[in-house]
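A.B. asks: Numbering (UniProt numbering), first residue to last: 1 to 593.
Starting off with a structure, shown below.
Dropping the structure here:
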């Protein structure tokens with residue numbers, strides 16, 4: 001289906017007009033003018049300038065590029081296109097394609113700008129870390145200098161009553177001090193951490209033994225100073241090691257408890273998610289005790305792994321249509337979830353037996369048909385979650401129809417793969433192959449009963465039937481007015497959408513009661529996931545994937561999320577999607593829609 005060209009063409013025309021207005025040229029546009037302007041193709045300029053070997057592409061370092069620079073860059077090349085002599089005659093599709101080429105390059109440029117900024121931030125962080133390390137080294141050198149000064153003072157002390165005894169005492173104290181200084185400077189790095197205290201204790205014992213020998217000599221004050229420093233160091237090391245030991249013990253205890261529970265894998269997804277959240281809360285509570293110890297790296301890695309696993313469980317809990325009492329006892333009623341569980345079982349071999357056992361529930365859902373092939377006395381129907389997508393021969397999900405099943409064969413005769421839709425029902429899978437290397441997935445349900453697609457509940461708001469226009473003066477269920485954003489608002493995020501998706505987003509925006517304080521928030525972006533059947537009707541709850549705003553408070557952002565969720569539910573189904581409907585799709589919402 002060709003993509004409607006009105007919006008991009010109007011945008012390109014507006015941008016070309018805006019470039020004709022008098023304005024101060026930026027560094028980027030001045031440089032583009034110097035290297036040839038519109039006479040030089042964007043692809044040639046872009047490939048030469050935006051590379052790791054060009055410190056200042058377009059005369060400006062990527063880390064210094066602003067959103068205005070990116071906008072000027074895109075506007076410049078859009079204006080170049082609109083000045084082409086064949087622009088008006090080249091056709092909507094070619095005009096759109098020319099703009100898409102620019103937007104593709106802009107997406108790459110925007111990614112490189114973000115990557116350059118992140119690299120610069122990393123260098124600044126590394127510089128701060130180096131400064132902190134230098135400060136620690138300076139402190140250690142100061143300690144060495146102080147100890148050396150003590151040694152110098154001990155060596156320079158005048159002789160007292162017994163010159164020979166005084167000299168002997170000084171030599172002993174100096175020898176011990178030099179040994180301690182060598183250990184404090186570099187020697188401590190060569191021994192395990194658990195041997196630090198025994199080594200310090202040995203120095204303390206030797207220093208205390210020298211106390212009686214140096215009493216009344218000039219070395220007494222130097223030895224007392226050395227003893228004080230050793231005791232202070234010993235207490236500091238003991239405190240740190242006790243803290244690290246306690247932190248390690250608590251971390252190991254929690255992780256052992258988690259391992260003993262088998263990561264709560266025996267629980268249903270929602271209960272497992274609740275258990276996981278409770279465990280993460282307890283694990284996060286350890287952070288103040290962990291920070292600054294040698295256990296911190298181990299703790300952070302474990303926390304990262306736990307958060308990733310929690311995200312997987314949350315996705316599973318959110319997309320599983322079986323999260324209702326007794327749902328596991330019936331057949332799979334959603335092809336998307338059947339395939340998702342198969343992918344999880346493919347990546348985690350521990351889940352394969354459970355997945356194989358769950359196939360005994362059978363299937364009962366509407367599904368697309370990728371292909372139909374002969375198999376013995378019957379037929380194999382390859383199932384698909386997307387219309388128009390041919391299946392890979394020999395791999396995927398199949399439904400075996402017996403040759404004697406005249407009713408099912410009658411339905412299949414009217415199907416044109418890969419665009420047909422059927423309702424398939426089968427009690428079990430009689431073939432199961434799931435392996436990762438090489439990748440092989442082949443699951444065959446049998447015997448399969450094929451009927452016409454079941455549309456379930458009467459469709460709401462079908463195109464041309466009871467489709468009431470949205471009233472901008474209406475109010476959302478919470479009393480908030482449904483009002484448009486300022487006409488000149490330019491959002492910082494521009495989701496990539498096809499024509500039908502753009503129409504759907506515009507209709508949802510008309511029903512979205514954005515909190516008044518956020519109607520002109522150009523940074524506000526909400527991303528949801530919805531599961532649709534082939535009739536563009538929602539088959540599961542609306543799931544929030546992310547919410548971004550640089551100025552909204554927590555309460556305002558939550559209100560925006562709730563009203564957006566209601567707007568999606570109230571405007572469904574989405575007949576404008578046409579053949580794009582079916583499966584799980586992402587919906588990005590901004591005030592500019």
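Where is the CB? At the ideal position from N, CA and C, for every residue including glycine.
Remember, predicted model here, so these are calculated numbers, not experimental data.
Is it the case that the Cβ atoms of residue 436 and residue 306 are separated by a distance below 8 Å?
C.D. replies: In the chain shown, counting from the first residue as 1, residue 436 sits at position 436. In the chain shown, counting from the first residue as 1, residue 306 sits at position 306. Cβ atoms of residue 436 and residue 306: not closer than 8 Å.
A.B. asks: DSSP state of residue 395, grouped into three classes?
C.D. replies: Along the chain shown, one-based indexing puts residue 395 at 395. Looking at residue 395 - three-state DSSP - the assignment turns out to be coil, as it is neither helix nor strand.
A.B. asks: Who are residue 450's beta bridge partners in DSSP?
C.D. replies: For the purposes of this step, residue 450 is identified with residue 450 of the chain shown, where counting begins at 1. Partner(s): 424.
A.B. asks: Quick test of the definition: if touching needs 3 or more C-beta pairs under 8 Å, does the segment 425-434 touch the segment 506-523?
C.D. replies: With a cut-off of 8 Å, the segment 506-523 and the segment 425-434 do not count as touching, because too few Cβ pairs lie within range.
A.B. asks: Rounded to the nearest angstrom, how far is the Cβ of residue 449 from that of residue 426, given a contact under 8 Å?
C.D. replies: Locating residue 449 in the chain shown gives position 449, where the first residue counts as 1. Locating residue 426 in the chain shown gives position 426, where the first residue counts as 1. Indeed, because the Cβ distance is near 7 Å, the residues count as touching under 8 Å.
A.B. asks: If residue 254 and residue 229 are in contact, beta carbons under 8 Å, what's the gap, nearest whole angstrom?
C.D. replies: Looking up residue 254 in the chain shown gives position 254. Looking up residue 229 in the chain shown gives position 229. The pair is not a contact, with the Cβ atoms about 38 Å apart (cut-off 8 Å).
A.B. asks: Would you decide whether residue 66 is buried or exposed? Buried here means 16 or more other CB atoms lie within 10 Å of its CB.
C.D. replies: Position 66 of the chain shown, counted from the start, is the residue given in the question as residue 66. The residue is exposed, with fewer than 16 neighbouring Cβ atoms inside 10 Å.
A.B. asks: Over what stretch of residues does the beta strand (DSSP E) that includes residue 379 continue unbroken?
C.D. replies: On the chain shown, position 379 is the one that residue 379 refers to. Looking at the DSSP string, the run of the beta strand (DSSP E) that includes residue 379 is 378-384.
A.B. asks: Give the secondary structure of residue 366 by DSSP, where H, G and I count as helix, E and B as strand, and everything else as coil.
C.D. replies: Walking along the chain shown from the start, residue 366 turns up at place 366. Three-state DSSP puts residue 366 in a strand.
A.B. asks: Buried or exposed: which applies to residue 359, given that a residue is buried once 16 or more other Cβ atoms fall within 10 Å of its Cβ?
C.D. replies: Along the chain shown, one-based indexing puts residue 359 at 359. With 16 or more other Cβ atoms within 10 Å, it is buried.
A.B. asks: How is the alpha helix (DSSP H) around residue 359 delimited, first residue to last?
C.D. replies: The residue labelled residue 359 in the question sits at position 359 within the chain shown. From DSSP, residue 359 is part of no alpha helix (DSSP H); its letter is neither H nor E.
A.B. asks: Of all the options 83, 101, 32 and 26, which has the alpha carbon lying nearest to the alpha carbon of residue 69?
C.D. replies: Indexing the chain shown from 1 puts residue 69 at position 69. With distances taken between Cα atoms, residue 69 lies closest to 26.
A.B. asks: Output needed for residue 339: all residues of its chain with C-beta closer than 8 Å, excluding positions within five of it in sequence on either side, in chain order.
C.D. replies: Here the question's residue 339 lines up with position 339 in the chain shown. 385 and 397, listed in sequence order.
A.B. asks: Determine which residues share a DSSP beta bridge with residue 583 and list them.
C.D. replies: If you number the chain shown from 1, residue 583 lands on position 583. In the DSSP output, where bridge partners are listed per residue, residue 583 has 532.
A.B. asks: Which of helix, strand or coil does DSSP assign to residue 233?
C.D. replies: Along the chain shown, one-based indexing puts residue 233 at 233. Reduced to three states, the DSSP call for residue 233 is helix.
A.B. asks: Looking at the structure shown, is residue 219 part of a helix, part of a strand, or coil, going by DSSP?
C.D. replies: Residue 219 sits at position 219 when you count from the first residue of the chain shown. Residue state, collapsed to three classes: coil.
A.B. asks: Would you decide whether residue 82 is buried or exposed? Buried here means 16 or more other CB atoms lie within 10 Å of its CB.
C.D. replies: Within the chain shown, numbered from 1, the residue matching residue 82 stands at position 82. Buried, since its Cβ has 16 or more Cβ neighbours within 10 Å.
A.B. asks: Give the single residue among 184, 145, 212 and 216 whose Cα lies nearest to the Cα of residue 163.
C.D. replies: Taking the chain shown and counting its residues from 1, one reaches residue 163 at position 163. Residue 163 has its Cα closest to that of 216, out of 184, 145, 212 and 216.
A.B. asks: Output the distance between the C-alpha atoms of residue 505 and residue 527, rounded to the nearest integer angstrom.
C.D. replies: Locating residue 505 in the chain shown gives position 505, counting from the first residue. Locating residue 527 in the chain shown gives position 527, counting from the first residue. One C-alpha to the other measures close to 12 Å.
A.B. asks: Does the segment 565-580 come within contact of the segment 516-523, defined as at least 3 CB pairs closer than 8 Å?
C.D. replies: Verdict: no, contact absent.
A.B. asks: Within the 8 Å Cβ cut-off, does residue 499 reach chain D?
C.D. replies: Absent from the structure: chain D. Only one protein chain is present.
A.B. asks: Buried or exposed: residue 487, going by 16 or more other Cβ atoms within 10 Å of its Cβ?
C.D. replies: Position 487 of the chain shown holds residue 487. It counts as exposed.
A.B. asks: Specify whether the segment 397-409 and the segment 372-383 touch according to this definition: at least 3 beta carbon pairs, one from each stretch, less than 8 Å apart.
C.D. replies: Cβ pair count under 8 Å is three or more, so yes.
A.B. asks: Could you tell me if residue 468 is buried or exposed, where buried requires 16 or more neighbouring beta carbons within 10 angstroms of its beta carbon?
C.D. replies: To locate residue 468, count along the chain shown from 1; it is residue 468. For residue 468, the predicted structure reports a pLDDT of 39, less than 50, and the residue's modelled location is therefore unreliable. A value from the coordinates is still provided. Classification of residue 468: exposed, given that the 10 Å Cβ count is below 16.
A.B. asks: So, residue 415 versus residue 451, is the Cβ gap smaller than 8 Å?
C.D. replies: Translated into positions along the chain shown, residue 415 becomes position 415. Translated into positions along the chain shown, residue 451 becomes position 451. No.
A.B. asks: Using 10 angstroms around the beta-carbon of residue 394, count the other beta-carbons present and answer buried if the total reaches 16, otherwise exposed.
C.D. replies: By one-based count along the chain shown, residue 394 stands at place 394. Exposed, since its Cβ has fewer than 16 Cβ neighbours within 10 Å.
A.B. asks: Pairing CB atoms from the segment 125-136 with CB atoms from the segment 177-185, are three or more of them under 8 Å?
C.D. replies: Touching, no, given that fewer than three Cβ pairs across the two stretches are closer than 8 Å.
A.B. asks: Where does residue 267 fall in DSSP's three states?
C.D. replies: Translated into the one-based positions of the chain shown, residue 267 becomes position 267. Of the three classes helix, strand and coil, the one that applies to residue 267 here is coil, per DSSP.
A.B. asks: Alpha carbons only, please: which of 181, 192, 221 and 194 is nearest the one belonging to residue 203?
C.D. replies: As a working note, residue 203 is residue 203 in the chain shown. It is 181 whose Cα lies nearest to the Cα of residue 203.
A.B. asks: When you compare only the Cα positions, how much space is there between residue 370 and residue 447?
C.D. replies: Against the chain shown, residue 370 aligns to sequence position 370. Against the chain shown, residue 447 aligns to sequence position 447. About 19 Å.
A.B. asks: Under three-state DSSP, which class holds residue 93?
C.D. replies: On the chain shown, position 93 is the one that residue 93 refers to. Helix.
A.B. asks: How long is the line joining the alpha carbons of residue 210 and residue 146, rounded to whole angstroms?
C.D. replies: Locating residue 210 in the chain shown gives position 210, where the first residue counts as 1. Locating residue 146 in the chain shown gives position 146, where the first residue counts as 1. Residue 210 and residue 146: Cα-Cα distance of roughly 21 Å.
A.B. asks: If you reduce the DSSP assignment to three classes, tell me which class residue 292 lands in.
C.D. replies: Stepping through the chain shown from its first residue, residue 292 is reached at position 292. Note: residue 292 maps to coil in three-state DSSP.
A.B. asks: With DSSP collapsed to three states, give me the class of residue 142.
C.D. replies: As a first step, residue 142 is located in the chain shown; it is residue number 142 there, counting from the start. DSSP places residue 142 in helix when its eight states are reduced to three.
A.B. asks: Could you tell me which residues DSSP pairs with residue 432 in its beta bridges?
C.D. replies: Stepping through the chain shown from its first residue, residue 432 is reached at position 432. Answer is 443.
A.B. asks: Which same chain residues end up closer than 7 Å to residue 169 when comparing Cβ atoms and leaving out the 5 residues on each side of it in sequence?
C.D. replies: Within the chain shown, the letter at position 169 stands for residue 169. If we look at residue 169 and ignore the five residues flanking it on each side, its Cβ neighbours are 213, 214, 217 and 219.
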